[in-house]
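A.B. asks: Once you know that position 158 of the sequence shown is 169 in the numbering used here, the rest is easy, because the numbers rise by one and skip nothing.
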Amino acid sequence: MNKRLLIPLIAIAVSLAVNGWLFWHFERNASPPHPGLTKPFDAVWWWVVTSSTVGYGDIVPRTTAGRLVGVATILAGFFIYTTFIAVIVEAVHGYVERRERGTLQVKAKGHIVLCEYTSVADELLNALPNIPRLSGRPVVVVSDLVYSNPDPRHFFVSGVPVNPRVMKRANLPEAAYIFVFTNLRFSDPDMKTLHIARRARVLNPSAVLFLEMLDPMHPLLRYVGGQVVAMDSRKLMEMIVRGEQIDPWRCGVGSNPDVAAVESREA
Numbered sequence: 012m013n014k015r016l017l018i019p020l021i022a023i024a025v026s027l028a029v030n031g032w033l034f035w036h037f038e039r040n041a042s043p044p045h046p047g048l049t050k051p052f053d054a055v056w057w058w059v060v061t062s063s064t065v066g067y068g069d070i071v072p073r074t075t076a077g078r079l080v081g082v083a084t085i086l087a088g089f090f091i092y093t094t095f096i097a098v099i100v101e102a103v104h105g106y107v108e109r110r111e112r113g114t115l116q117v118k119a120k121g122h123i124v125l126c127e128y129t130s131v132a133d134e135l136l137n138a139l140p141n142i143p144r145l146s147g148r149p150v151v152v153v154s155d156l157v158y159s160n161p162d163p164r165h166f167f168v169s170g171v172p173v174n175p176r177v178m179k180r181a182n183l184p185e186a187a188y189i190f191v192f193t194n195l196r197f198s199d200p201d202m203k204t205l206h207i208a209r210r211a212r213v214l215n216p217s218a219v220l221f222l223e224m225l226d227p228m229h230p231l232l233r234y235v236g237g238q239v240v241a242m243d244s245r246k247l248m249e250m251i252v253r254g255e256q257i258d259p260w261r262c263g264v265g266s267n268p269d270v271a272a273v274e275s276r277e278a
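#1: What residues in its chain sit with their C-beta under 7 Å from that of F90, if we drop five residues either side in the sequence?
#2: Roughly how many angstroms separate the alpha carbons of F37 and N182, rounded to a whole number?
#3: What are the start and end residues of each continuous alpha helix (DSSP H) run of 4 or more residues lying completely inside the segment 13-50, in chain order?
#4: Within its chain, find whatever has a CB closer than 7 Å to the CB of Q256; leave out the 5 residues flanking it on each side and keep chain order.
#5: Give the C-beta separation of L16 and V98 to the nearest angstrom, bearing in mind that I take them to be a contact with Cβ-Cβ under 8 Å.
#6: Among N160, M228, K118 and T94, which residue has its Cα nearest to the Cα of E108?
#7: Please classify F166 as buried or exposed, where buried requires at least 16 other C-beta atoms within 10 Å of its C-beta.
#8: Smallest Cα separation from A187: which of Y67, V239 and R233?
#9: Under 8 Å, with one C-beta from each stretch per pair, do the segment 111-122 and the segment 27-41 reach the 3-pair mark?
#10: I want to know whether the segment 55-69 touches the segment 118-136 - three or more CB-CB distances under 8 Å.
#11: From R144, D162, C126 and G147, pick the residue whose C-alpha is nearest to that of V153; which is it?
#12: Using the beta-carbon count (16 or more within 10 Å), is E223 buried or exposed?
#13: Do V157 and H122 have their CB atoms nearer than 8 Å?
#14: Expressed to the nearest angstrom, what Euclidean distance is found between the alpha-carbon atoms of V103 and P172?
#15: Return helix, strand or coil for E223, following the three-state DSSP convention.
#16: How many Å lie between R180 and V124 at the Cα?
#17: By DSSP, does L125 sit in helix, in strand, or in coil?
#18: Under 7 Å Cβ to Cβ from A272, same chain only, skipping five residues before and after it: list those, please.
#19: For R39, which residues from the same chain have a beta carbon less than 8 Å from its beta carbon, with the 5 sequence-adjacent residues on both sides left out?
#20: Just how far apart, CA to CA, sit M250 and P143?
Below, the structure written as structure tokens:
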């Protein structure tokens, strides 16, 4: 985009300098001199009005040479402004497409990161506005299970959640809450969840980690470190089937003493 903007910017500078000066020269040296040109800024004003084809009519060329300069200025204006519009439209379209495809760098802070987009993750997304401790925060969905943003209300980062570069694109180091959902494509889903959690903990030592676990008492949970809530996968699904409001704390098991402190502080 920057390189494409350079061409119209150069065209503006050249057209303003050359056409503005020529108009000033021809009209000021006419006999009699143009009464509307009393200072150089008047020529600049004429160039802006003419190049944009607004044509207020307050300064009108009286000489043939001045009119030819006006024609050249109008043609230059068509090129300059249409190029600007094309660059802006392309930039907006590119931004929307990158946001949809999950390739943008997320700059949110104190946000919620959801690793793996599953049916449970989707249920939580819909429940977030009704969970006081989580509502109102920006949400980033990180997943390679979908190829476009599953929920336009939130940010989306495409990629394997365990990849540190993908985590950084989601600005995971600045997140307040990180959810890792069970991916049943793997032979040992809990180990995959723990692997992602450990990578996330290295990048963000202070966030509260919510891990959907088939075995919420998994012996390796204690190695994740920090504030961790192991969510019982079966309890989550039971709440969904019963049509109950999902609450990560209600179906969670604190895996270390820090969790109880976090819950009491945020309740």
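Even for Gly, the Cβ is constructed at its ideal location relative to N, Cα and C.
C.D. replies: Well, looking at it:
#1: Cβ contact annotation for F90 (same chain, cutoff 7 Å, sequence separation greater than five): A22, in chain order.
#2: Their Cα atoms are separated by approximately 59 Å.
#3: Unbroken alpha helix (DSSP H) runs of no fewer than 4 residues, entirely contained in the segment 13-50, are found at 13-39, following chain order.
#4: Taken in chain order, the residues that qualify are A138 and N141.
#5: Rounded, the Cβ-Cβ distance is 6 Å, consistent with contact.
#6: The shortest Cα separation from E108 among N160, M228, K118 and T94 belongs to N160.
#7: That one is buried.
#8: Nearest C-alpha to A187: V239.
#9: Output reads no: the segment 27-41 does not touch the segment 111-122.
#10: Proximity of the segment 55-69 to the segment 118-136 falls short of the contact definition, fewer than three beta-carbon pairs being nearer than 8 Å.
#11: It is C126 whose Cα lies nearest to the Cα of V153.
#12: Buried is the call here.
#13: Result no, Cβ atoms of V157 and H122 do not sit closer than 8 Å.
#14: Cα-Cα distance, rounded: 27 Å.
#15: Here E223 sits in strand by DSSP.
#16: Distance between the alpha carbons of R180 and V124: 11 Å.
#17: Secondary structure at L125: strand, using DSSP grouped into helix, strand and coil.
#18: Note that A272 scores 36 on pLDDT, short of 50, meaning its location in the model is unreliable and no value can be drawn from it.
#19: Correct list, in chain order: H45 and L48.
#20: Their Cα atoms are separated by approximately 18 Å.
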